[in-house]
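Novice: Structure provided below as structure tokens; questions to follow.
There are 2 protein chains.
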Amino acid sequence: MNNKKQDTDPRILRTRQLIRDAFVELLQERDVEKISVNRLAERATINRVTFYLHYRDIPDMLEKMADNMIEDISIVLDQSTESQRSDEETNWRSMENVLKYIAENANFYKTILSSRRVPIFRDRLLMLLTDKIVSALENKGSESNIIKAGIKKDVLIWYDSAALIGTIVAWLQNDMPYTPSFLAKQFSLLHHRV
Amino acid sequence: MNNKKQDTDPRILRTRQLIRDAFVELLQERDVEKISVNRLAERATINRVTFYLHYRDIPDMLEKMADNMIEDISIVLDQSTESQRSDEETNWRSMENVLKYIAENANFYKTILSSRRVPIFRDRLLMLLTDKIVSALENKGSESNIIKAGIKKDVLIWYDSAALIGTIVAWLQNDMPYTPSFLAKQFSLLHHRV
DNA sequence: TGATTATACGACACATTGTAAATTTAGTCT
DNA sequence: AGACTAAATTTACAATGTGTCGTATAATCA
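Residue numbers (my numbering), protein chains in the order written: chain A, 1001 to 1194; chain B, 1001 to 1194.
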């Protein structure tokens, strides 16, 4: 793999870290439309051309940053489900661990997730959570009370995954007034109200 | 009021309509980052300078379009609650009417609501629905089963408002596989599962 | 009809973009 | 340590986009 060099060369890591930090800084100051490669490079104390060595343009940069975010959170999820049985208890633990991880990196996640003009991070997280909910539902099977109550499965999936991501964002925007553990428990109550 | 002229002069109305249509068209073709005032004016068959007579820049245009959208939907909401008080039946009718209205303008709403890079319309709609849910909850009072079950009120509001908007967007993105009436009924089932 | 004003047109200074050299600097490897 | 490799810098360039001038034209309204 050529990735090895990309992931170990300290010059590359340093530059990417500088770009990432500068982007988060600028995003706290202004809308994303006003963030030019010019300003980004200036703030990151790198040359403008160097930016183009790493990313095609700013949307490309956002995508790759979102990829990394999903990778990080997936690792947390995988660690939570090591034991492999996908019951209620496991799902609740997973959510708790994800929230804890987000809380530990609150500055980063608050900025990128709650920034109104950069929905890509929210979208990616939504996809991840949707997958999680789908597989949880499939394990539950068709005898679920929800389905019996006349609620369509896809509507339920749309509803709950959007609810999860929206609540997490609101929680961050309000500076995390509840502990990760408490919020995870709230999700558990809300999600299984039937 | 000076607004009168702004709202009646056919030249102004025509120009704004041209801009709006051109924007929706372009948004279906490319990401919003690639929509310049240049291209927008060209597609709208107006002079570029004319755009600046109406809007400061593209974000300003988006805001004003979102204002109009909220205005339109608020009218639908007000019509639904004209005579009646705010009981369950009324809330359900309101939602049904909003969904019907959106379905009638599906092309416009699908484009602007489901476009990933233009979250302002979704955000505004979220705020509107949040208000609606808050007032519905307040009418219900504190004897609500939900509150008794240990679910925090603000968490519930975050959860359900995000769920509503997310489901509507998913419904549009999937080309409205259910009728407005059916989906409103699904909301009713989901929202009152306790 | 005459006054008003939205729009068109051409032009301007300036910023941003994306790319292409050649060169310097820093990290890696033996 | 010295040689090799590649990342980063520097400078330059054409193309595009931005926001704002006058001034002229044409549609609207009273």
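By construction, the Cβ of each residue, glycine as well, lies at the ideal position given by its N, Cα and C atoms.
Everything numeric in this text was worked out from a predicted model, so none of it was measured.
State yes or no: is the beta carbon of Glu1033(A) nearer than 8 Å to at least one beta carbon in chain B?
Specialist: At least one chain B Cβ lies under 8 Å of Glu1033(A).
Novice: Beta-carbon of Ala1022(B) versus every beta-carbon of chain A: anything under 8 Å?
Specialist: No, Ala1022(B) does not count as interfacial toward chain A.
Novice: Excluding the 5 residues preceding and the 5 following Thr1015(B) in the sequence, name in chain order all residues of the same chain whose CB lies nearer than 7 Å to its CB.
Specialist: Here the set comprises Ile1046, Thr1050, His1054.
Novice: Distance check for Ala1103(A) and Ile1073(A), CA to CA, integer angstroms please.
Specialist: Whole-angstrom Cα-Cα distance: 12 Å.
Novice: Tell me, please, whether the CB atom of Ile1151(A) is closer than 8 Å to any CB atom in chain B?
Specialist: Yes, contact with chain B.
Novice: Using a Cβ-Cβ distance under 8 Å, would Thr1167(A) count as near chain B?
Specialist: True, the Cβ-Cβ gap to chain B drops below 8 Å.
Novice: Going along chain A in order, which residues have a C-beta closer than 9 Å to the C-beta of Pro1180(B)?
Specialist: Those within 9 Å of Pro1180(B) in chain A number zero; the least Cβ separation is about 13 Å.
Novice: In whole angstroms, what is the alpha-carbon distance linking Glu1071(B) and Asn1097(B)?
Specialist: Their backbone Cα atoms lie some 15 Å apart in a straight line.
Novice: Distance check for Glu1029(A) and Asn1068(B), CA to CA, integer angstroms please.
Specialist: For Asn1068(B) and Glu1029(A), the distance between alpha carbons rounds to 28 Å.
Novice: For Leu1125(A) and Ile1165(A), I'd like the C-alpha separation in whole angstroms.
Specialist: Cα-Cα distance, rounded: 7 Å.
Novice: State the Cα-Cα distance for the pair Arg1122(A) and Arg1048(B), rounded to the nearest angstrom.
Specialist: Looking at the two C-alpha atoms, the distance is approximately 34 Å.
Novice: Compute the beta-carbon to beta-carbon distance between Asp1160(A) and His1191(A), rounded to the nearest angstrom, for a pair I have assumed lies under 8 Å.
Specialist: Asp1160(A) to His1191(A), Cβ: 6 Å. Contact.
Novice: Given that Arg1116(B) touches chain A, what residues does it touch there, using C-beta distances under 8 Å?
Specialist: Result: Pro1119, Ile1120, Asp1123.
Novice: Is there at least one non-hydrogen atom of the ligand SAM closer than 7 Å to the beta-carbon of Lys1140(A)?
Specialist: No copy of the ligand SAM occurs in the structure displayed, which carries no ligand at all.
Novice: So the alpha helix (DSSP H) Gln1021(A) belongs to, where does it begin and stop?
Specialist: Here residue 1021(A) turns out to be Asp, not Gln, going by the sequence shown. From DSSP, the alpha helix (DSSP H) with Asp1021(A) extends over 1010-1029.
Novice: Measuring straight from C-alpha to C-alpha, what distance separates Ala1157(B) and Leu1113(A)?
Specialist: Just to set this straight, residue 1157(B) is Ile in the shown sequence, not Ala. Near 19 Å, if we compare the C-alpha coordinates of Leu1113(A) and Ile1157(B).
Novice: Can you list, in chain order, the residues of its chain with a C-beta nearer than 7 Å to that of Ser1094(A)? Leave out the 5 residues immediately preceding and following it.
Specialist: Answer for Ser1094(A): Leu1077, Ser1080, Thr1081, listed in chain order.
Novice: Quick check on the DSSP output: the alpha helix (DSSP H) that includes Tyr1109(A) runs from which residue to which?
Specialist: Element bounds for Tyr1109(A): 1106-1114.
Novice: What does a CB cutoff of less than 6 Å around Ala1022(A) pick up in its chain, not counting 5 residues either side in sequence?
Specialist: Excluding positions up to five away in sequence, the list reads Leu1040, Arg1043, Ala1044.
Novice: Excluding the 5 residues preceding and the 5 following Ile1035(A) in the sequence, name in chain order all residues of the same chain whose CB lies nearer than 8 Å to its CB.
Specialist: Only Phe1023, Leu1026, Leu1027, Ile1058 meet the Cβ criterion.
Novice: Using the C-alpha atoms, what's the distance from Asp1060(B) back to Arg1117(B)?
Specialist: Distance between the alpha carbons of Arg1117(B) and Asp1060(B): 15 Å.
Novice: In whole angstroms, what separates the C-alpha of Thr1130(B) from that of Lys1152(A)?
Specialist: Each residue's Cα considered, the two are about 24 Å apart.
Novice: Check Val1049(A) in the structure and name its three-state DSSP category.
Specialist: Reduced to three states, the DSSP call for Val1049(A) is helix.
Novice: Between which two residues does the alpha helix (DSSP H) carrying Asp1078(B) extend?
Specialist: Element bounds for Asp1078(B): 1058-1080.
Novice: I need the DSSP call for Asn1038(B), collapsed to helix, strand or coil.
Specialist: It is helical.
Novice: Span of the alpha helix (DSSP H) holding Asn1139(B)?
Specialist: It spans 1120-1140 - the alpha helix (DSSP H) in which Asn1139(B) sits, taken as one unbroken run.
Novice: Please classify Met1065(B) as buried or exposed, where buried requires at least 16 neighbouring CB atoms within 10 angstroms.
Specialist: Classification for Met1065(B): buried.
Novice: Does Ala1163(A) pass the burial test, meaning 16 or more other C-beta atoms within 10 Å, or should it be called exposed?
Specialist: The residue in question, Ala1163(A), is buried, as its Cβ has 16 or more Cβ neighbours within 10 Å.
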